[in-house]
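Quick note on the working numbering: the sequence shown kicks off at 1033 and runs consecutively.
One structure is given here, and the rest of the page talks about it.
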Amino acid sequence: MSLKTIKVDYFHNYVVISLDRPKVLNALSSTVFKELEEVLLDLEVQAEIRLAIITGSGKAFAAGADIEEMVNKSPDEAHEYATYAQRVLNVIENIRFPVIAAINGYALGGGLELALACDFRICTESAKFGQPEVNLGLIPGFAATQRLPRLIGQGNALFMLLSGENIDAITARRFGIVQKIYADNEFNDSVHAIAKAILSKGPKAIELIKVTVRKESETSFEEACRMETTHFSSLFGDDTEGREGMYAFLQKRKPNWNL
């Protein structure tokens, strides 16, 4: 697969996907979305891949959509563009393995929308966040009006969406956009440490946690609880991760997930 706008680095059972347009602060173009989709769908069927990290090259995660590409679009073309971008972000949200947004700088507009589609977000101390579309007379097109209030509440979301102001890492942590903040010079090692910590857990349990939590916003509480019970009990049979994990705990040893 020939890639022009992103790069993929493999680390045994996980990957780092880097947006690689540093001269334009990793602005999200149609080509970026196309390559992201291709890479993610390819990773989906690689059984050995259990986690992905999305980050940016240079000093930005992604500083928004590519305005130069968008400026002359017709309403129909803009509709098609936003629909396709949303589809790609939905792939991230629904892929079988966890996807971590490692925000190493600016995450603005479409860049923040990309991060919101990931399962959780960590960032550097110098990271900046914002939805500045209103400054251009636009609204977000990649689902920020839906994902952001679901994540941080309607008031905080409307503040960001209506003011167009950037917020710093501390405020983003207080709002609940990011879960961890690290010093810039410790960030890369910390990102890999988090990935390895997750990957040390039961592989099937990791997948089932993601799918069960993600269904929470799509169904009733009662139906979601029934789903949780079904997935919980599926890990109790002979030769299952759950059985192995519990025996390992009682026997004071590390579990063998290669069942």
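Just so you know, even glycine gets a beta-carbon here, dropped at the ideal spot from N, CA and C.
Just to confirm, are residue 1137 and residue 1160 a CB contact at a threshold of 9 Å?
-> Contact flag set, yes.
Evaluate residue 1120 with the Cβ neighbour count: other Cβ atoms within 10 Å of its Cβ, from every protein chain shown; 16 or more gives buried, anything less gives exposed.
-> Buried, by the Cβ-count rule.
Among 1156, 1236, 1034, which residue has its Cα nearest to the Cα of residue 1217?
-> Comparing Cα positions, the closest option is 1156.
How many angstroms separate the CA atom of residue 1094 from the CA atom of residue 1051?
-> In this structure, the CA atom of residue 1094 is about 8 Å from the CA atom of residue 1051.
Decide if the stretch 1058-1076 is in contact with the stretch 1122-1138; the criterion is three or more beta carbon pairs, one per stretch, under 8 Å apart.
-> Contact between the stretch 1058-1076 and the stretch 1122-1138 is present, because at least three Cβ pairs lie under 8 Å.
Of the listed residues 1195, 1211, 1193, nearest to residue 1201 (C-alpha basis) = It is 1211 whose Cα lies nearest to the Cα of residue 1201.
Rounded C-alpha distance that separates residue 1128 from residue 1076 | Just so you know, the alpha carbons of residue 1128 and residue 1076 end up roughly 7 Å apart.
Residue 1160, enclosing beta strand (DSSP E) - first and last residue = Note, residue 1160: beta strand (DSSP E), 1160-1162.
List the endpoints of the continuous alpha helix (DSSP H) containing residue 1099.
-> Element bounds for residue 1099: 1099-1102.
Hey, how far is the Cα of residue 1097 from the Cα of residue 1057?
-> Roughly 10 Å between the two C-alpha positions.
Starting from the Cα of residue 1164, find the closest Cα among 1154, 1235, 1177 and give me that residue.
-> Out of 1154, 1235, 1177, 1177 has the C-alpha closest to the C-alpha of residue 1164.
Local conformation of residue 1079 per DSSP, three classes = Reduced to three states, the DSSP call for residue 1079 is coil.
Do you know whose CA, among 1113, 1090, 1108, lies nearest residue 984's CA?
-> Outside the displayed span of the chain (1033 to 1291) sits residue 984, for which this structure offers no information.
Which stretch, first to last residue, makes up the alpha helix (DSSP H) that contains residue 1139?
-> Where residue 1139 is concerned, there is no enclosing alpha helix (DSSP H), although the beta strand (DSSP E) around it starts and stops at 1138-1140.
Determine the contact status of residue 1199 and residue 1207, defining contact as a CB-CB distance below 9 Å.
-> Yes, the Cβ-Cβ distance between residue 1199 and residue 1207 is below 9 Å.
Per DSSP, the bridge partner or partners of residue 1085 = Under DSSP, residue 1085 takes part in a beta bridge, and its partners are 1048, 1132.
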